[in-house]
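Asks: Quick note on the numbering used here: the sequence shown kicks off at -6 and runs consecutively.
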Amino acid sequence: MTKIRIAIQKSGRLNEDSVAILKDCGISIDNGKDQLKAETRNFPMEVMFLRNGDIPQYLRDGVVDIAIIGENVLIEKGKDISIAERLNFSKCKVSLAVPKGVAYNSIQDLDGKKIATSYPNTVDQYLADKGISYEIHQISGSVEIAPNIGLADAICDIVSSGSTLFKNNLKEVEVMLTSEAVLAVSPKISEEAKALLSKLQFRIQSVLKARNSKYVLLNAPNDKLDEILKLLPGMRSPTILPLAEEGWSSVHTVIQKNKFWEVIDELKIAGAEGILVCPIEKMVL
């Protein structure tokens, strides 16, 4: 039976988030400790655990059909590789940073400076158009220490919370790009694997829609029902059921997570009572 081959990062937060979304899609990975290749249950898939920076070449060569990878890595090493789905997790920035004690007013302050990074192509793309001359010191890890030991004047690296910069006495001065996990596709994917990719995308989209939504139940007096319904989005339209108490109805709907508190506040003002909020496991539309 045909199986789709997927690469995910072998360790770290992106690994954990990738395994979690596959699990939410009903796909369990049968892997032991330090195993680099594993089979799955409930879906015809083979999983390879790889270094994030190596994944673009594995996609390009057709060793794997798809991959969950940071978009920042594709920008650096795989701009020719297409993205099938944006996954809305493992978000970060790729930023330029300098020592806290260094005055910084604009990008021109980096002119003639040495920049330490594991993202040389990203730095080139960002600074070349701005007429900045610079020298790249390419290193693969522990970039933040470079200014402290005299290797560079500035760094370019991934920034999530900013705590690593703070601990190394650095400050973020330019955000070059924002990134999130994406589902990338090999240019050599077979037609059989494309059919499996379509099924996987359907599951992923159902999971992502559920993660971004809340199921809301509330009680509404019938004389305020029209006003309350105007505040509710819903997938098609809210469900309205009569309560045992005369003059009241139960309203069921779905609210997007990013609009949730704003809508809830308006519902309370409009007269809604007994508002219950429930997580949604899957949404199939």
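From the three backbone atoms N, C-alpha and C, an ideal C-beta is built for every residue, glycine too.
1) Of all the options Ala90, Leu201, Lys123 and Ser75, which has the alpha carbon lying nearest to the alpha carbon of Phe82?
2) With the cut-off set at 9 angstroms, would you say Gly264 and Ala177 are in Cβ contact?
3) Buried or exposed: Thr171, going by 16 or more other Cβ atoms within 10 Å of its Cβ?
4) If you drop the 5 nearest sequence neighbours on each side, which residues of the same chain put their C-beta closer than 7 angstroms to that of Arg34?
5) Alpha carbon to alpha carbon, how far is Ile182 from Ile273?
6) What span of residues does the beta strand (DSSP E) with Ala237 cover, start to end?
7) Does the region 187 to 199 come close enough to the region 128 to 144 to have 3 or more Cβ pairs within less than 8 angstroms?
8) State the Cα-Cα distance for the pair Lys252 and Asp258, rounded to the nearest angstrom.
9) On the DSSP bridge assignment, give the partners of Leu163 in chain order.
10) In this structure, does DSSP put Leu260 in helix, strand or coil?
11) Tell me whether the beta-carbon of Cys149 lies closer than 9 angstroms to the beta-carbon of Ala109.
Replies: Looking at the atomic coordinates:
1) Leu201
2) Their beta carbons are not under 9 angstroms apart, which means Gly264 does not touch Ala177 by this criterion.
3) exposed
4) Ser21 and Asp23
5) 33 angstroms
6) Per DSSP, Ala237 belongs to no beta strand (DSSP E) and is neither H nor E.
7) no
8) 10 angstroms
9) Pro92
10) helix
11) yes
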